[in-house]
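A.B. asks: Questions regarding the structure given below will be posed in turn.
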Amino acid sequence: MLRRRRRKTVQVKPKSIFKPPVSIIVPAYNCEKLIPAFLTSLFKSAAQYMGFCEIIVVDDGSSDHTYEIAWATIQECRRKWPHVKGKIIRHTAKLGRKQALKTGINKAFGMLTVIADLQPAWKPNTLKEIIETFEKRGKTISNFMTCCYEAETLRKLLM
Numbered sequence: 071m072l073r074r075r076r077r078k079t080v081q082v083k084p085k086s087i088f089k090p091p092v093s094i095i096v097p098a099y100n101c102e103k104l105i106p107a108f109l110t111s112l113f114k115s116a117a118q119y120m121g122f123c124e125i126i127v128v129d130d131g132s133s134d135h136t137y138e139i140a141w142a143t144i145q146e147c148r149r150k151w152p153h154v155k156g157k158i159i160r161h162t163a164k165l166g167r168k169q170a171l172k173t174g175i176n177k178a179f180g181m182l183t184v185i186a187d188l189q190p191a192w193k194p195n196t197l198k199e200i201i202e203t204f205e206k207r208g209k210t211i212s213n214f215m216t217c218c219y220e221a222e223t224l225r226k227l228l229m
């Protein structure tokens with residue numbers, strides 16, 4: 071005997087907007103004076119982004135206190151903005167910017183990778199604007215100090 075199932079009415083929810091996970095990679099070398107303000111501005115900007123976001127600082131064998139100051143700044147910012155992940159990786163010797171980027175990319179979780187060289191502080195909506203521009207234009211966007219790549223594209227470029 072076959073039973074007829076009653077059709078249920080399904081309520082359609084508004085389309086959710088997917089926000090891709092983003093990894094921000096900051097290669098750093100001997101920049102102990104610049105890094106606290108820059109990292110704080112990155113965390114503020116990342117806090118405005120609705121998706122997953124992580125900030126990865128790669129200290130490329132600095133001879134000053136870049137690593138210690140960056141670590142302390144990340145800990146302080148994580149207390150203020152706990153949903154933004156932050157980590158620091160240290161090279162024991164100077165291997166160069168390209169190797170610092172490779173190290174950061176290999177540890178990155180995000181579908182999109184933003185490379186942020188130390189520069190003037192980011193505005194709170196900078197990351198949101200970068201992602202919106204990326205979504206409109208496609209695979210890669212770049213300005214003088216910041217680049218945004220699809221993770222697979224970046225791995226192919228650097229590996």
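Counting in the working numbering, the sequence shown runs from 71 upward without gaps.
Even glycine gets a Cβ: it sits at the ideal position worked out from N, Cα and C.
With a CB to CB cut of under 6 Å and the five nearest residues on each side skipped, what residues in its chain are close to K89?
C.D. replies: M120, G121
A.B. asks: Compute the Euclidean distance between the alpha carbons of T136 and Q118, then round it to the nearest angstrom.
C.D. replies: 26 Å
A.B. asks: Compare the C-alpha of H153 against each of K103, F113, R167 and name the closest.
C.D. replies: F113
A.B. asks: Determine, using beta carbons only, whether K198 and Y99 come nearer to each other than 8 Å.
C.D. replies: no
A.B. asks: Among residues of its own chain, excluding the 5 on either side of I139, which ones have a beta-carbon nearer than 8 Å to its beta-carbon?
C.D. replies: E102, I105, P106
A.B. asks: Do I158 and W141 have their C-beta atoms within less than 8 Å of each other?
C.D. replies: yes
A.B. asks: Answer with buried or exposed for D134, where buried requires no fewer than 16 other C-beta atoms within 10 angstroms of its C-beta.
C.D. replies: exposed
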